[in-house]
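Take 3 as the starting number for the sequence shown in the numbering used here and just add one per residue.
Note that CB positions come from ideal geometry on N, CA and C, so glycine has one too.
Inspection log for the structure reproduced underneath, given as C-alpha cells.
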Amino acid sequence: SLLATALAAMDQPPAVLLSGSAIGYYGEHGDEILDESGTPGSDFTARVCIDWEAAAQPAVDAGIRVAFLRTGIVQSTEGGALAKQLPFFKLGLGGKVGSGKQYISWISIEDEVRAIQFLLTHELAGAVNLTAPEPVTNSEYTKILGGVLHRPTTILPITGPRLLFGKELADSLLLTSSRVVPAALLEAGFTFSYPELEPALAALLA
C-alpha cells in the first residue's frame, strides 16, 4: 500500500500500474472453469493475493489504471517449477502427484512477457488472468513433459515435492486444483503463441 499511496500522491502519477498477483487467488476449485470473476479461495496463498490486490486501492482511487496480473505457473527453463522438475524428469523420475486430476494453469515465459507488454498498451484494468487458454491436469502435464523428454514417468508421493519446494508451495503448486482461463486477455484480442502445453514445452526444451 506504501507504493500505491506514493503513486497516488504524485503530481503526475503514472497512467498504469501493473500489480503482480497470482492464480493462487482462487484457491481450490476442482474442475470448475475460473475466469476473472471467479471467487477467491480461503487458504494462505489466496489470502496473500487478496491482501496484495487490496493494497493497490489508493492507486485505483487516484484514477490510475491498475491491472492485477493473476499469473499461472510460468514455464521456463531458467527458473520456477519447470526448471526444478526437469532434472528428475530427465532421469525418468518425474511423475504425477496425488490423484493427478488436479488442474495446472500454466503459461509459457514468452506469452507471459508478451501479455505484460500488451497490458501496458491496452486499456485493461482490474483482474487479468495470465494463463494459457488450455489448462491441463497434473496427470496430463506429467505425460506431456515425459513425452517431450522421451522419458518414462511414475507416480510420486507428495513427500518429494515438499522437500524440493517446501510444504506450502508444493501443496499449492501440485495439489490445489485451479482451472483458470484468460478470459479478459482473449476478449481484448490477445493472441497466445503457445495456447497448448506440448508445443510450449517442445519449444522450451528443443
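Just the Cα atoms here: how many angstroms apart are SER39 and ARG72?
When rounded, the distance between both Cα atoms is 12 Å.
Once DSSP output is grouped into helix, strand and coil, what is the label at TYR143?
In the three-state reduction of the DSSP assignment, TYR143 falls in the helix class.
Quick one, are the C-beta atoms of GLY97 and THR156 less than 8 Å apart?
The answer is yes: Cβ separation under 8 Å.
For the putative contact between GLU112 and LEU199, defined by C-beta atoms under 8 Å, what is the C-beta separation to the nearest angstrom?
Between LEU199 and GLU112 the Cβ distance is about 13 Å, and since that is not below 8 Å, they are no contact.
Under 8 Å: do the segment 124-142 and the segment 74-90 share three or more Cβ pairs, one atom per stretch?
The answer is yes - the segment 74-90 touches the segment 124-142, with three or more Cβ pairs under 8 Å.
Own chain residues within Cβ distance below 6 Å of SER107, not counting five before or after
ILE25, GLY74, THR133, PRO137, SER180, VAL182, listed in sequence order.
For ALA172 and PRO159, which I take to be in contact (beta-carbon distance under 8 Å), what is that distance rounded to the nearest angstrom?
Their Cβ separation, rounded to whole angstroms, is 11 Å, which puts ALA172 and PRO159 out of contact at 8 Å.
If you follow the alpha helix (DSSP H) that GLN87 is in, where does it begin and where does it stop?
Taken as a continuous stretch (DSSP letters only), the alpha helix (DSSP H) holding GLN87 covers 82-92.
Are there 16 or more other CB atoms within 10 angstroms of the CB of GLY29, so buried, or fewer, so exposed?
Result: buried.
Since GLN58 and VAL68 are thought to touch, with beta carbons under 8 Å apart, how far apart are those beta carbons, to the nearest angstrom?
Residue identity check: residue 58 is Ala in the sequence provided, not Gln. ALA58 to VAL68, Cβ: 5 Å. Contact.
Per DSSP, TYR105 forms a beta bridge with which residues?
TYR105 has THR139 as its beta-bridge partners, per DSSP.
Considering GLN77, what are the terminal residues of the alpha helix (DSSP H) in which it resides?
Not the alpha helix (DSSP H): GLN77 falls in the beta strand (DSSP E), residues 75-77.
Classify ILE35 as buried or exposed, calling it buried when 16 or more other Cβ atoms lie within 10 Å of its own Cβ.
It counts as exposed.
In this structure, what does DSSP give as the bridge partners for VAL150?
Bridge partners of VAL150: none, in fact.
Endpoints, the beta strand (DSSP E) within which GLY97 is located:
From DSSP, the beta strand (DSSP E) with GLY97 extends over 97-99.
For THR47 and VAL62, I'd like the C-alpha separation in whole angstroms.
Answer to the nearest angstrom: the Cα atoms are 23 Å apart.
At which residues does the beta strand (DSSP E) containing ALA2 begin and terminate?
There is simply no residue 2 to check, as the chain begins at 3 and stops at 208 in what is shown.
Can you give me the C-alpha to C-alpha distance between LYS86 and TYR27, rounded to a whole angstrom?
Roughly 23 Å separates the two Cα atoms.
May I ask you to report which of helix, strand or coil DSSP gives THR178?
Collapsing the DSSP output to three states places THR178 in coil.
What are the boundary residues of the beta strand (DSSP E) that ALA17 is part of?
That residue, ALA17, is in no beta strand (DSSP E); it is neither H nor E in DSSP.
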